[in-house]
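**Student:** Numbering (mature numbering (1 follows the signal peptide of the UniProt record, and there is no 0)), first residue to last: -20 to -1, 1 to 1215. All C-beta atoms, glycine included, are put in the ideal place defined by N, C-alpha and C. Provided herewith is a single structure, encoded as C-alpha cells, for subsequent inquiry.
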Amino acid sequence: MFLIFLCALFISSNIPVIETYNLDIISPDLRTGPSNSLFGFAVISSSTKQQWTYVGAPRAFLARQRNPTILSNSTPAIPNGRLFGNIFECRNGTNECQPMLVENELSAAMPSFDNVLDDAWLGSSLIATSDDSLVTCGYRLMRRISFERYDTRGACFKISSDRQEISYYDFCERSSETELLHEGSALCQSGHSLAYIPTGGRSDIIAFGEPGAFQWSGRIEADYSDTLLRQLYTTKSASSTPSPYSYLGYSVLIIKSRSRDINDKSYIFIASAPRASNGLGEIRFYTKRFVTKNNVGYDTLQTIFHMNDNGSVPFILTGDQPGSYFGYTMAAGDLNGDGYTDLVISAPFYYSKKPSYGGAVYIYYGLNGNFSNDRREILFGPPAHSRFGFSTVCIPDLNKDGVDDLAVSAPSEIDGNHTGSVYIYLGSRTSKLTTYTQRIVPSQLLLNLKQSSIINDFGFSLASQSPFNFPTISSSSTVSSNSTFKIDYPSLTIGIPKVDMIVNLRSHPLVNVNVVIKNMKELQSIRYSAENRQCKTIDLTPAVCFDVLLCFESNETLAENLIIIYTLTADHLSTIGRVLSTVNHLPSLTNKQVLKTCEKQIFMIKTGNDDFLTPIHFKLVYNISQDRNDLRGKPFLHEGRIPMINATEEQRTNKFQANFYKGCGNNDRCVTDLQLTAEFVTEKKALNLSVLGIDSEIHIRLQLTNIQSDPNHRTADPAFGTKIDVYFPTAFVQFSQANIDEKSYSCHPLDGNHVRCKMTDFFNNPFPANRSSTIELIFTLSNVALSNILRFDFNSTTLTNETNLDNNNVTLIAKVLLKTDLSLRASHEPEQISLVGDGTMGLSSIKNLDQFGMEVTHTYTIINSGPNNVRSHNVTIFWPYETLNNQWEHGKILLYLVEEPTIEVSATLSSTGAKIDGHCERWPQWRDHIHILDSLNRSSMNNRTRRDEQNSDNVLDSKTATIASPVSSVIRRLTLSCDPAYQNVRCYPIYCHIKSLSAQSYYLIKLRARLWNSTLIEEYMNEYDRVDIQSFASIHINDSLIFQSSTDNDNATATTPVEFANKSDKIIVPRLPLWVPLVGAMAGLILLIFIVIVCCLLGFFQRTKAPPLKKKPTTLTLDGTTTNSSSDEHQRILLRQTSRQQMLYPSSATNSFNDENYQSQQTTQPLIHSIPEVPSVDNQDQDIDEDEEDDDLTQNNLGNQSDIDEEARFPVEDDEDEYSSKMNEPLVDVESINQ
C-alpha cells in the first residue's frame, strides 16, 4: 500500500501543469546569430511569408557573396566583409539564418561607399512592407566630406521583395547655408526610427526619423508613394518646431483615424521628442499638405494645429516626469474594440520610489484621430529600474475576442540570475488593461528548453508575426513592428541582442471548455457519521469520505479526444487541511482526463477534525495537456498548432465548495450562545484578585454552558468546533493536568503558554445544546522571582454563529506570595554592669575612650527559617544616643558608638564561601558622633560646654555628705528604650540594606559602644537602683513576593543593664543657696551675743578658784594610745581623735549603705557631749591649734567637693586623696602635749 502511494505521488508530482495563455512557452523557437553582433537588436515579421522572421544585427559583418547559410552558434564558411551591420532572414521551425546584405551590392547602390567608415550600425532599424520589401537603416553611418571632417547623416537601404535590387535613400543633404554641420541636416542621423503603413496602392508610405537634424531639434521625412515628403523647417522661434536638443523623430508612427477603414486615406504622421518641454517629452502630429513657394507647388509635412483660448496652437501630448523619455517607443492598435486607433506611448525611465515603479506606458484611446489626457490610461511597471515600456507592440487579437492585445517589455527586471520580462495585456471592450494576463520570463523558457545559459536584457525588442488577409493599421519603430492584416494565430518574437538570440512564441487555436460538478447537491450535506466511514487513512484508520464527480465539456469539433490536465486542491483556504485525496493522501491531486468525459475523485476527512461548520473550498486549475504522448495521432500536431483553452489562467481556475450536514434549524444555520466562567479554587471564597502560592499548586475551575441564544425563538444549536484556549504566564507557572467531568473531552498544551481544551468527543461531535461542562485546571508554580502578578486568560470559541461574545472571554489575576519566616533576635555584652558613683569627669578632661565608661556590644541576629530565599530586606536600628531634655537641643550622652556597625556572616554561609551583600549607613547629621574626640573644639559642642559650666556651679563645694537613712527593700528601676511605642530617650536610626539571604541561613549586625558613666551618675543614681538602656531594631522585606508566615519576631531590643553599687552608704545632700547659710550665721551671731550678755548679767562667768592639778607627763603613740597620762585627759584625747576621723573619713570606701555599719556606728561611737571636758590651762593653746587645724581640713574637704560637682556629668576615676598621707600621722603633737 505504501509503495503504491509513493508511486502515485511521484507520478503526480512530475506531471506539468500549464500556466500559460495562448502564447506557447513550453515549446518556443529559439535562434542565435553571430557572436557579438547584437543579433536581435531589431526584429520584424514577414508580411507574406508567415514562417519568416527578419533580424537586425548592427554589429555584424557584411557578406562577401549572397546566400551563405549561418547556423546557430556557427561561423560562416567564407570570409566576412566590412564591419558594417547586416540583417538576417530566419525561417521558423529551422535553425537556418541567412545574411541578406552583400558588400559589393551596397557599394553599387551607394555613391562614395569607399568614403564611408565602418560600424554604421546597419540593421538598427528594420521594417517589412506589404509586398515583403525590406527597409533598413544605419543611423551611425559617417561619410568623409573633407580632410578629417565627417558627417553623421545615416543611411537607409530598400531591398526589393525578390531581393535582387537595393536602392539608397539620401535624405540629409548638406546645406550650403552654413558651415556648422550640426546647425544643418548633415548630422541628422537618418533612419534612427522607421514606420510604414500600407496604402493598398503600388507602394506603401514609409516615415524616417532624423533626431540629429538642426542642432538635434530633429525632423521627420517620408517616402509617400515614391514621392519625397519633408517636414518644413522654420525658424527656431516658431511654435511648430521643437527647441534644440529635443530629439524629434526619436520614434515615428503612421496611423489612420479609423484603424480598419480601407477607404480612409487621411494618414497622420506622429513623431516623438523625448527631451522637449524641459525633459518632459512631447508627441507631435503631422499631416500631408500641398504648399506653393516661388510659384512652385509640392507636398510636404505640416504640423497639425487645434484651436484653444490662445488661438491656433500645435497639437502636442506632453509627458508627466522629466527624464522619463516619454515617447521612447510608440505603437498603435484598437485596444478597446471601438473601431478607432488607440495610441501606446512608453516612458521606460519613469521612476517612483513609493510605490516602486520602474517605467510607465500611456494608452491614449483615440476618437476620430483625436487624443487627449481625458481618454488615457497609465500602466505602471514592476519595481524601479526595470525599464518597463522599453519596447511595445500591439498583437492582433490573441484571444479571438475581436480586440487587439498589447505586449510590453521590461528588460531590466530581475528574474533570478537573468534580467528581463515581457507582459501580455489583453484588450477588452468592457474593462481596462490594468492587469496583465501573462508574464514571460527567461527562466521559464530555459527550463522548458533544458538550458542553463544566462540571459540579460530579455525583451530588448518585440515584434508580432501573422498571416494577412486584408489591409489594416501597422507601425514600426527601431525595435517593433505591427501586423498589417487580420491574422489567424498571431505570435510574438522577442529579441535579446546581448546574447545574440531571438525567441519566437507561437499562438494556438482556441477551444472553449466548460467545467461541471455533477454531484454538487450531494456535496452540500456530507454526513459525518459512523456509517459513512468507508475509507481508510494511510495508517488504516476508518475515515469519512465523499466523491467529487468532475466533468469537462466542449461543443467544438477541435476538442475531440483532447487530454485535459488538471490540479484539484481540497480545502485550500484552511490552514489545517481537513481533507485528503485517497489517491496520494495529500490535499492536492493532479490528474489527466479526456475532454467531454466525467471522472470521480474520492476525498476523505482527516482524523481528529472537529470543524464541520466551515465549508470545504475546492480549487480546480486545468488546461490542455502539451505532452507529445497525449497528442500523438492528432492532425494538428504536425502543423505545430496545438489547441489551447480560450481563457486566461484566472478564467481557467474554477472554485466550488462542499458542506457538512449540521442539523441546525430549518435553513441549516447554527446559532448558539456559549457562556464561560472561571474562578480560583481555594479554601476561602474565590476572588478576582486572589493570594496564591502558599501551596505549590494553583487550581482553576472553568465552566462552559451552551444555552439557547433566543429563549423566545427556539432551542440552542450544537456548537461545532468548540474549544477553550487558556493562556498563562509560562515563565512563572507550568500546566500540570486537567480534570474534566466529561471523559471524552481533553486539554493539551500547544505552545509554552497555551493550553487548548477541545470540547468535542472522540468522534469530534459538536458540543451539545443545553449542556454544561466543568473543567478543573491545575498549574504548578515554577518561578516567580520576576513578577508576583499572574494573569490567566480564557477564551471560548466555536464555529457556530455566536450571538453574544461578551461572555466568552474571562481573565483571572492572581497575586502570588512566597512563604518564608524572617526573624530578628537581640543579645548584649556584658550581661551586667555595676557602676560606682565615686566621681565624674567632664568632657574636657577626657583623653581616651577608656575614660568614657565600660565597652558594651549590642548584637542583632537575622535568621531566614525558609523555605524560600529573601531577595531584599532592610534592618532599621534605633540607637539610644542621648537623654531627653526639653530645655536644651542635646541631652546627655548614654551610649556612644565607637565604630560603624558591622555585618558578619554566619558560620553556615562562611563555610560555603558565600557573602552577605549589604551595608549599614546613618544620616549625615549622625555620622560625626563616632569621631567626637576629633571634634571637641567644634562649635556644635558650645551649648553642651556652657550647660556643663552652669551645672558645675550648682555642685557642692565639698565632698558629698552622707546621712544615715533607712533604705527600702523595693528596687527602683528605669528603662530607657528606643522602642517607638514608648520611646523616652533621643535615638537616631541606623539603616542596614541587605540584598539577599538564602533560606536556612543567618547573619549578625554588631554595634560596639561605650557606656557614658557620668550621665548615669548625675541623672539616675539618686533616684534609681537600676537603669536598663535599650536599642530597638526591626526588619522590613522589600520583596513583594515574600509572604511572612509570622511577624511576631520582626522586632527586637538589645538591653544594657546598669546597677549602682554601695548606694546605701550615703545620701548626697545637695548644696543650699548662699543666702541661707549667711542669714543663719548672722542669726546665730546675734543670738550668741544676746546669750553672752544675759550670762554676763547673771554672773555666769564668775566661778570660784579651784586648786591646781598635778601634772603628769603624757606620751601619745603613733596608733593614738597614750602613756603616762591621767585617765581623764587620756579619754578626752581619744574622743577628740575619734571625732576627727569620723568627720574626715567615711566609714566605707565604697559609699554604699548597709544596716550593719549603720548599727555599729550607732552603738560603738561615743557621744562627745556625754563626757565632761576638764579644762586645762596647759592644753588650752594646744586645743586652739588643733581646732584651727580641723577647720583647715574641713575647708579643704569642701573645696574638693566643689571639684567633684564641677565634673559631675562625666564620671572619672578618683584622684589620689590629698589627706591619705595624714592617716598615719599623729593627730596631736607629743611635744606640745608634754609642754
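(1) Between the Cα of F532 and those of Q573, L520, C515 and I506, spot the shortest distance and give me the residue it belongs to.
(2) Where does the unbroken alpha helix (DSSP H) through V1074 begin, and where does it stop?
(3) Suppose the cutoff is 6 Å on Cβ atoms and the five residues either side in sequence are ignored; what does the same chain contact list for S140 look like?
(4) Just to confirm, are V735 and L770 a CB contact at a threshold of 8 Å?
(5) Sort K268, L228 and T1035 by Cα distance to A253 and report the nearest one.
(6) Excluding the 5 residues preceding and the 5 following I146 in the sequence, name in chain order all residues of the same chain whose CB lies nearer than 6 Å to its CB.
(7) If we ignore side chains and look at the alpha-carbon of each, how far apart do L566 and L560 end up?
(8) Can you tell me which residues form a DSSP beta bridge with K138?
(9) Given this structure, state the Cα-to-Cα distance separating P391 from Q418, to the nearest angstrom.
(10) Which of the three DSSP states, helix, strand or coil, is assigned to N499?
(11) Which residues share a DSSP beta bridge with K572?
(12) Does DSSP put N355 in a helix, a strand or coil?
(13) Whose C-beta lies closer than 6 Å to the C-beta of L97 among residues of the same chain, with five residues either side of it excluded?
(14) Return the chain-ordered ranges of every beta strand (DSSP E) run that is complete within the segment 292 to 323 and spans a minimum of 3 residues.
(15) Kindly indicate the opening and closing residues of the beta strand (DSSP E) around R608.
(16) Checking 8 Å against the spacing of the C-beta atoms, do S173 and Y230 come in under that value?
(17) So, is F1080 buried or exposed, given that buried needs 16 or more other C-beta atoms within 10 angstroms?
(18) Applying the 10 Å Cβ sphere with the 16-neighbour rule, what's the burial state of R409?
(19) Quick check on DSSP: helix, strand or coil for Q717?
(20) Exposed or buried, P362, counting other C-beta atoms within 10 Å across all chains shown (16 or more means buried)?
(21) What residue from Q514, T179 and G13 has the CA that sits closest to E586's CA?
(22) Could you spell out the range, first to last residue, of the beta strand (DSSP E) harbouring I813?
(23) Over the uninterrupted alpha helix (DSSP H) stretch that includes W992, give me the two end residues.
(24) Please confirm whether F151 has its beta-carbon closer than 8 Å to some beta-carbon of chain D.
(25) Should L427 go down as buried or exposed, given a rule of 16 or more other Cβ atoms within 10 Å for buried?
(26) According to DSSP, which residues form a beta bridge with C650?
(27) Just how far apart, CA to CA, sit C972 and T856?
(28) Thinking C-beta only, is S605 closer than 8 Å to I544?
(29) Can you list, in chain order, the residues of its chain whose CB lies under 8 Å from that of N16, leaving out five sequence neighbours each side?
(30) Alpha carbon to alpha carbon, how far is T685 from S776? Give it in angstroms, no decimals.
(31) Per DSSP, which one or two residues make a beta bridge with K599?
(32) Quick check: M500 and F636, are their CB atoms within less than 8 Å of each other?
(33) Note the first and the last residue of the continuous beta strand (DSSP E) segment covering F747.
(34) How should P623 be labelled, buried or exposed, when 16 other C-beta atoms within 10 angstroms of its C-beta is the threshold for buried?
(35) With distances taken Cα to Cα, identify the nearest neighbour of S27 among S223, G645, S444 and T955.
(36) DSSP state of F370, grouped into three classes?
**Tutor:** The answer reads as follows:
(1) If we check each option's Cα against that of F532, Q573 comes out closest.
(2) Counting along the chain, the alpha helix (DSSP H) containing V1074 begins and ends at W1055 to L1078.
(3) By the criterion of a C-beta distance shorter than 6 Å, S140 is surrounded in its chain by S113, once the five residues flanking it on both sides are discounted.
(4) No. Outside cutoff.
(5) Residue L228 is the option with its Cα nearest to A253.
(6) Hits under 6 Å: E85, A89, F137 and I139.
(7) Distance between the alpha carbons of L566 and L560: 5 Å.
(8) Paired residues: V115 and S147.
(9) About 16 Å.
(10) Reduced to three states, the DSSP call for N499 is coil.
(11) Bridge partners of K572: I545.
(12) At residue 355 the sequence reads Arg, which differs from the Asn that was named. If DSSP states are grouped into helix, strand and coil, R355 belongs with the helices.
(13) Once the five neighbours on either side are set aside, the close Cβ partners of L97 are M122.
(14) Segments of the beta strand (DSSP E) lying fully in the segment 292 to 323: 296 to 298 and 310 to 313.
(15) Per DSSP, R608 is not a residue of any beta strand (DSSP E); the alpha helix (DSSP H) it occupies stretches across R608 to L611.
(16) Between S173 and Y230, the CB-CB gap stays under 8 Å.
(17) Burial state of F1080 is exposed, judged by a 10 Å Cβ sphere holding fewer than 16 other Cβ atoms.
(18) Label assigned to R409: exposed.
(19) Residue state, collapsed to three classes: strand.
(20) The residue in question, P362, is buried, as its Cβ has 16 or more Cβ neighbours within 10 Å.
(21) It should be noted that the sequence gives Lys, not Glu, for residue 586. For the residues Q514, T179 and G13, the minimum Cα distance to K586 belongs to Q514.
(22) First-last of the beta strand (DSSP E) with I813: I813 to L815.
(23) Secondary structure note for W992: it is in no alpha helix (DSSP H), with a DSSP letter that is neither H nor E.
(24) Of the chains in the structure shown, none is chain D; there is only one protein chain.
(25) When all chains shown are included, L427 counts as exposed.
(26) Beta-bridge pairing links C650 to no other residue.
(27) Going by the C-alpha atoms only, they are around 6 Å apart.
(28) Between I544 and S605, the gap from beta carbon to beta carbon is short of 8 Å.
(29) So the qualifying residues of the chain are R39 and D480.
(30) For S776 and T685, the distance between alpha carbons rounds to 10 Å.
(31) K599 pairs with T549 and K635.
(32) Between M500 and F636, the CB-CB gap stays under 8 Å.
(33) Here F747 belongs to no beta strand (DSSP E), and DSSP marks it neither H nor E.
(34) Buried, by the Cβ-count rule.
(35) Cα-wise, what sits closest to S27 is S444.
(36) Correct three-state label for F370: coil.
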